[in-house]
Structure formats: structure tokens, C-alpha cells
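Engineer: In case it helps, the working numbering puts the sequence shown at residues 2 to 123.
Note that CB positions come from ideal geometry on N, CA and C, so glycine has one too.
These numbers come from a predicted model, not from an experiment.
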Amino acid sequence: MAWRARVLSMMLPMILLAGSVAHAAAHASLLSSAPAPGAVVAGGEVSIELRFDSRLDPRFSQLKLVREDGAAAVLRIEAGGPSDALKATGTGLREGRYRLHWQVLGVDGHASRGDVAFQVGR
């Protein structure tokens, strides 16, 4: 029985290390967004914030707002925010459907992308 305990005590640190390496190599996942998916917001100026489960490199991250007619505008990411979030402001938004396309680079070097659909209404 003692040899089993010894083998287990030697394997446990390796198992824990493997789990932490797998987590560190994971892509950044979107945790929350404002506007929320499917939200209806007032037009004009819309504050945008996306929060992720890991730190990002904002120099290589992008937010693009795409209207339902296909017209797109790259948004300027605000500097100085939390390292796991991107903030921007959409201006001049008219009534209609929009898709916020995000592309981020985690500090671990892995890229992730996705979309958040919302609507500007009255």
C-alpha cells in the first residue's frame, strides 16, 4: 500500500500542473456585454463594454459595429480600462439592428472572436 501512496503523491503535482497549463492556454471567453445580446437600446450614443475571463492585449483587439445593411465602423477602444475588458462608444446610431463583432488577443497569445447582436429602437 505504501508504494501506491508514493506513486499518487508523485503524480498529483503533475496532474495539477497539467490542469493549470490547459487553463492558461485557453482562449479568452466573453463573460458579459453591454448592450446585452438581444437588448433594445436608445439611439444616438451607445456605451459598449465587453468583459472577458482573461486579460487582453488591447493593441491587437478590435471592436466593429455592423449595421443590418452591412455598413461597418471600427470603434476606438478606450484606453485605461480593466485589463479583462474592452470599452468603446458607438455614436450616431439610428434605429435598426446591429452586430457588435469583437476580436481579441489574450495576453497568452490566443485570439478569440464573436458577435453580440442588439437593436436600436425607441
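1. May I ask you to list the residues that DSSP assigns as paired with residue 43?
2. Please classify residue 119 as buried or exposed, where buried requires at least 16 other C-beta atoms within 10 Å of its C-beta.
3. Answer yes if the segment 87-96 comes into contact with the segment 37-50, meaning at least three C-beta pairs across the two stretches below 8 Å, and no otherwise.
4. Measuring straight from C-alpha to C-alpha, what distance separates residue 23 and residue 45?
5. For residue 75 versus residue 99, is the C-beta distance shorter than 8 Å?
6. Could you compute how far the alpha carbon of residue 80 sits from the alpha carbon of residue 28?
7. In the DSSP output, which residue or residues are listed as bridge partners for residue 53?
Structural biologist: Checking against the coordinates, here is how it stands:
1. Looking up residue 43 in the sequence shown gives position 42. Answer is 122, bridged to residue 43.
2. Within the sequence shown, residue 119 is the residue found at index 118, counting from 1. Residue 119 should be labelled buried.
3. yes
4. Here residue 23 refers to the residue found at position 22 when the sequence shown is read from its first residue. Here residue 45 refers to the residue found at position 44 when the sequence shown is read from its first residue. Interpretation of residue 23 is limited by its pLDDT of 41, a score under 50 that renders its predicted location unreliable; the figure taken from the coordinates is listed afterwards. Computed Cα separation, rounded: 43 Å.
5. For the purposes of this step, residue 75 is taken as the residue at position 74 of the sequence shown. For the purposes of this step, residue 99 is taken as the residue at position 98 of the sequence shown. For residue 75 and residue 99, no; Cβs fall outside 8 Å.
6. Position 79 of the sequence shown holds residue 80. Position 27 of the sequence shown holds residue 28. Their backbone Cα atoms lie some 22 Å apart in a straight line.
7. Looking up residue 53 in the sequence shown gives position 52. For residue 53, which the question treats as bridged, DSSP gives the partners 31.
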